[in-house]
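Enquirer:
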Amino acid sequence: MTRKSGNPEGETDPENYIPSKDKFEYFIGLEVSEQYEIPVGMVCRTIPANEYVVFTFKGKADNAGRVHKKSYTNGSVSSKV
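In terms of this note's numbering, the sequence shown opens at residue 11 and continues consecutively.
(1) Compute the Euclidean distance between the alpha carbons of Val64 and Ser30, then round it to the nearest angstrom.
(2) Using only CA atoms, which one of Ile57, Asp72, Ile28, Glu47 lies nearest to Leu40?
(3) Evaluate Val77 with the Cβ neighbour count: other Cβ atoms within 10 Å of its Cβ, from every protein chain shown; 16 or more gives buried, anything less gives exposed.
(4) Run through DSSP, which three-state label would Asp32 get?
(5) For Arg55 and Phe37, which I take to be in contact (beta-carbon distance under 8 angstroms), what is that distance rounded to the nearest angstrom?
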């Protein structure tokens, strides 16, 4: 995925997203007060404190990409998907 000059590491450029080449990872997570032993097959990710936009999607996983696309094309986080 191409990054525009000046974009932070890991930030994507949705205009240049190529589904057959660029992949996303989807995670389900929860907040914990401390890291315990991680069960086999699971991972622990530390998300830095910041402000984030959260989208809730209900439906078939094959349609989840619509959330990502709408978030960029509508320019509004309050738009319905």
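Where is the CB? At the ideal position from N, CA and C, for every residue including glycine.
Note that this is a predicted model, so its numbers are computed, not measured.
Expert: Taking the coordinates as given:
(1) 25 angstroms
(2) Ile57
(3) exposed
(4) coil
(5) 7 angstroms
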